[in-house]
Amino acid sequence: MFTHHLFKPNSIIKNYVINHLLQHPQSLFTPKRSCNCYTQTPSQEDTIIAELILKNNSKTQLVEHCRRTQWSPDLVDRVLKRLWNHGPKAIEFFKFIDRHPSYAHSGSSFDHVIDICGRLRDYKTMWDLVKEMCKRRIGPTPKTFAIVIERFISAGKSDRAVKTFLAMHEYGCPQDLCSFNTLLDLLCKSKRVEMAYGFFKVFRRRFRADTVSYNVIANGWCLIKKTSKALEVLEEMVERGLEPTVSTYNILLKGFFQASQIKQAWDFFLQMKKRGCEIDVVTYTTVIHGFGVAGEIDKAKKIFNEMIKQGCLPTVPTYNALIGVLCKKDDVENAIVVFEEMVRKGYVPNTTTYNVIIRGLCHRGEMDRALDFMGRMKDDECEPNVQTYNIVIRYFCDTGEIEKALEVFENMCNGECLPNLDTYNVLISAMFVRKKADDLLVAGRLLLEMVERGFTPREFTFNRILNGLLVTGNQGFAKEILRVQSQYGKLPRKFKL
DNA sequence: GTAGGGTTAG
């Protein structure tokens, strides 16, 4: 059956937690209204600057404004965040401020821009910035390397990621257990588990692999649904004298659910309880979500009630799990009941909570109510994010209400949220369904806009739009797109406007 | 940003 020595009753920890909860029920779990007073007060200077940067026509105004601005690392970081989905402009802004006579960039701003360069696959600029950090003696830090490595991995260049890790010390940043674990985690999260495990086996002695290292690898195997491999790794961990933690158990538990091994998941959960392992709010949330996804709503609800009875208060993610599965496998109306209940209890729904509800409503075709919830988000100081907009835009497109999708897109651009690659892909595809010449013009404009913002449209998208424009007699515009495409082909990652 | 629990369509 289950690996027996994985289960060592951890009664000391368990008793400590229970006692703590009984003595200070408020301290750990009482949801608090978030206080925005200190994050918001230094005016919305970042918004103003980001707007000036995005409006091409007011260059002199921008320069003038920047000269008068009292720059701080925090302000620069916030502006960079606002320009997240407008990579080229963000880099330009960073370089512009770098010439400021009395302001010097912080390591954190460097990290942001390095991340953006990595996303744009402009590796030359990325490494130049890393070297510049060396020169200025503000880095690079382990965090900088985590960023670089993650960008290589997500671009499918795992080998370069590993090489980067091995070269860290040449930049004055020695590898340690933390950075080792980070690399393993990044490889695992991108499903390169075999590679991570191979690397782990070679270096585990040198870096003195710890519980975290083993958990990371086990989680990797779970992500690709190989729970038996995960169990093997954990056996090995125990043999080496490392104690499993509550995270270890939670990783396996989630792994069983993800691999649709519902029976094993349930048995494992029972064993955890029986053997006195620590059961925390993450454990309960995992079980609620797991059963819900498997369509066992009643069981999910039962566990939710059980955790409360056990004195383990749900957190916002717990509610998100329950609300999410109610939307998907039960009824949005029931999900909304739970939503209202959580609000009544004083929890503050976060963006995910709203997105889950909004998706549920869209799925049922209740677009008006979905938009109501979006309005409610704003009232709740919980601004809709790209995903929120993408959900609504996608559903408007799917139901053929292209005008409304475009209207939402406009609102998004006028607000403080920039579209991402998904937004453009969804909208551009929608421009082909009505077979209208005007729609193709919009598609063309969207294409140019996304290129300008540093996103990479697929060859297919280019060709589709070109064909469309030629068929509808827009030779002129087609030529313009063709010009962009050819420049784009020659200068893949650094297309300049 | 050293591990585990909420959003991705069919």
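To convert, note that position 129 of the first sequence is 129 in UniProt numbering; the numbers rise steadily by one, no gaps. Glycine included, every Cβ here is placed at the ideal spot set by N, Cα and C. All of these numbers come straight from a predicted model, not from anything done at the bench.
| message | At the level of alpha carbons, what is the spacing between glycine 118 and lysine 274? | response | Here residue 118 is taken as the residue at index 118 of the first sequence, counted from 1. Here residue 274 is taken as the residue at index 274 of the first sequence, counted from 1. The alpha-carbon atoms of glycine 118 and lysine 274 are separated by roughly 48 Å.
| task | Report the option in Glu480, Ile308, Ser486 and Met450 whose CA atom is closest to the CA atom of leucine 120. | result | Translated into positions along the first sequence, residue 120 becomes position 120. Ranking Glu480, Ile308, Ser486 and Met450 by Cα distance to leucine 120 puts Met450 first.
| query | I think leucine 441 touches asparagine 467, with their Cβ atoms under 8 Å apart; what is that distance to the nearest whole Å? | reply | Start at 1 with the first residue of the first sequence, and residue 441 comes out as number 441. Start at 1 with the first residue of the first sequence, and residue 467 comes out as number 467. With a Cβ gap of about 14 Å, leucine 441 and asparagine 467 do not count as contacting.
| task | Tell whether a beta-carbon distance below 8 Å holds between phenylalanine 165 and leucine 183. | result | Taking the first residue of the first sequence as 1, we reach residue 165 at position 165. Taking the first residue of the first sequence as 1, we reach residue 183 at position 183. Against a cut-off of 8 Å, the Cβ pair of leucine 183 and phenylalanine 165 comes out as a contact.
| field | Closest by C-alpha distance to alanine 161, when choosing among Asp185, Gly139, Ile138 and Arg394 | value | Start at 1 with the first residue of the first sequence, and residue 161 comes out as number 161. Of Asp185, Gly139, Ile138 and Arg394, the residue nearest in Cα terms is Asp185.
| task | Entirely within the stretch 294 to 357 and at least 4 residues each: give me those alpha helix (DSSP H) ranges in chain order. | result | 297 to 309, 316 to 329 and 332 to 344
| request: Give the DSSP-derived three-state secondary structure of phenylalanine 432 in the structure shown. | output: Taking the first sequence and counting its residues from 1, the one referred to as residue 432 is at position 432. Phenylalanine 432: coil per DSSP, three-state reduction.
| query | Can you name, in chain order, every residue of its own chain whose Cβ lies under 7 Å from the Cβ of alanine 50, other than the five neighbours on each side? | reply | Position 50 of the first sequence, counted from the start, is the residue given in the question as residue 50. Excluding positions up to five away in sequence, the list reads Val79, Arg82 and Leu83.
| Three CB pairs or more closer than 8 Å across the stretch 302 to 314 and the stretch 348 to 360 | no
| task | Check each candidate in Tyr354, Glu92 and Cys382 and name the one with the smallest Cα separation from arginine 369. | result | By 1-based counting over the first sequence, the position of residue 369 is 369. With distances taken between Cα atoms, arginine 369 lies closest to Tyr354.
| task | For asparagine 385, I'd like the list of residues in its chain whose CB is within less than 6 Å of its CB, leaving aside the five on either flank, ordered along the chain. | result | Against the first sequence, residue 385 aligns to sequence position 385. Hits under 6 Å: Thr351.
| What is the rounded straight-line gap between the Cα of proline 25 and the Cα of alanine 405? | Walking along the first sequence from the start, residue 25 turns up at place 25. Walking along the first sequence from the start, residue 405 turns up at place 405. For proline 25, the predicted model reports a pLDDT of 31, less than 50, meaning its position is unreliable; a value from the coordinates is still stated below. The straight-line gap from Cα to Cα measures roughly 46 Å.
| request: Would you mind working out which of Arg376, Asp379, Asp380 and Met367 sits nearest isoleucine 393, comparing C-alpha positions? | output: On the first sequence, position 393 is the one that residue 393 refers to. Nearest option by C-alpha distance: Met367.
| query | With 16 as the cutoff for other CB atoms within 10 Å, does aspartate 331 come out buried or exposed? | reply | Stepping through the first sequence from its first residue, residue 331 is reached at position 331. Label assigned to aspartate 331: exposed.
| query | So, using beta-carbon positions, are isoleucine 357 and methionine 374 closer together than 8 Å? | reply | Looking up residue 357 in the first sequence gives position 357. Looking up residue 374 in the first sequence gives position 374. Cβ atoms of isoleucine 357 and methionine 374: not closer than 8 Å.
| request: Please report how far the alpha carbon of lysine 55 lies from the alpha carbon of asparagine 414, in whole angstroms. | output: Along the first sequence, read from residue 1 onward, the residue named residue 55 stands at position 55. Along the first sequence, read from residue 1 onward, the residue named residue 414 stands at position 414. In a straight line, the C-alpha of lysine 55 is about 11 Å away from that of asparagine 414.
| request: For my contact list, glycine 97 and tryptophan 71 are in at a C-beta cut-off of 8 Å; report their separation, rounded to the angstrom. | output: Position 97 of the first sequence holds residue 97. Position 71 of the first sequence holds residue 71. This sequence places isoleucine at residue 97; glycine is not what is there. Going by Cβ atoms, the distance from isoleucine 97 to tryptophan 71 rounds to 7 Å, so yes, they are a contact pair.
| Where alanine 209 and glycine 290 are concerned, what is the direct C-alpha to C-alpha distance, given to the nearest angstrom? | For the purposes of this step, residue 209 is taken as residue 209 along the first sequence, with counting starting at 1. For the purposes of this step, residue 290 is taken as residue 290 along the first sequence, with counting starting at 1. Rounded to the nearest angstrom, the two C-alpha atoms are 30 Å apart.
| request: Label asparagine 215 either buried or exposed according to how many other C-beta atoms from any shown protein chain fall within 10 Å of its C-beta, with 16 as the threshold for buried. | output: As a position in the first sequence, residue 215 is number 215, starting the count at 1. By the neighbour-count rule (16 or more Cβ atoms within 10 Å), asparagine 215 is buried.
| query | In whole angstroms, what separates the C-alpha of serine 102 from that of lysine 59? | reply | If you number the first sequence from 1, residue 102 lands on position 102. If you number the first sequence from 1, residue 59 lands on position 59. Cα to Cα, serine 102 sits roughly 21 Å from lysine 59.
| Distance, isoleucine 297 Cα to leucine 326 Cα | Numbered from its first residue, the first sequence carries residue 326 at position 326. Numbered from its first residue, the first sequence carries residue 297 at position 297. Rounded to whole angstroms, leucine 326 to isoleucine 297 spans 7 Å at the Cα level.
| Excluding sequence positions up to five away, which residues of its chain have a Cβ less than 6 Å from the Cβ of phenylalanine 207? | Here residue 207 refers to the residue found at position 207 of the first sequence. Once the five neighbours on either side are set aside, the close Cβ partners of phenylalanine 207 are Leu177 and Phe180.
| query | Whose CA, out of Leu447, Val408 and Cys397, lies closest to the CA of arginine 434? | reply | Counting from 1 along the first sequence, the entry for residue 434 is found at position 434. The option with the nearest alpha carbon to arginine 434 is Cys397.
| Whether leucine 223 touches valine 246 by CB criterion (8 Å) | Residue mapping note: residue 223 aligns to position 223 of the first sequence, counting from 1. Residue mapping note: residue 246 aligns to position 246 of the first sequence, counting from 1. No; because the gap between Cβ atoms is not below 8 Å, this pair is not in contact.
| task | Go ahead and label glutamate 64 buried or exposed: buried means 16 or more other beta carbons lie within 10 angstroms of its beta carbon, across all protein chains shown. | result | For the purposes of this step, residue 64 is taken as residue 64 along the first sequence, with counting starting at 1. Classification of glutamate 64: exposed, given that the 10 Å Cβ count is below 16.
| query | By the 10 Å Cβ neighbour count, where 16 or more other Cβ atoms means buried, how is aspartate 372 classified, buried or exposed? | reply | Taking the first residue of the first sequence as 1, we reach residue 372 at position 372. With fewer than 16 Cβ atoms within 10 Å of its Cβ, aspartate 372 is classed as exposed.
| According to DSSP, is threonine 472 helix, strand or coil? | Indexing the first sequence from 1 puts residue 472 at position 472. Of the three classes helix, strand and coil, the one that applies to threonine 472 here is coil, per DSSP.
| said: Between serine 213 and phenylalanine 200, how many whole angstroms is the CB-CB distance? I'm expecting something under 8 Å. | reply: Here residue 213 refers to the residue found at position 213 of the first sequence. Here residue 200 refers to the residue found at position 200 of the first sequence. Serine 213 to phenylalanine 200, Cβ: 7 Å. Contact.
| said: Please tell me whether valine 343 and threonine 318 are closer than 8 Å, where the distance is taken between their beta carbons. | reply: By 1-based counting over the first sequence, the position of residue 343 is 343. By 1-based counting over the first sequence, the position of residue 318 is 318. Not a contact, by the Cβ cut-off of 8 Å.
| field | Selected residue, minimal CA-CA separation from proline 142, among Gln175, Lys157 and Phe152 | value | Numbered from its first residue, the first sequence carries residue 142 at position 142. For proline 142, the nearest C-alpha among the options comes from Gln175.
| task | Determine the DSSP secondary structure at glutamine 271, reduced to helix, strand or coil. | result | For the purposes of this step, residue 271 is taken as residue 271 along the first sequence, with counting starting at 1. Reduced to three states, the DSSP call for glutamine 271 is helix.
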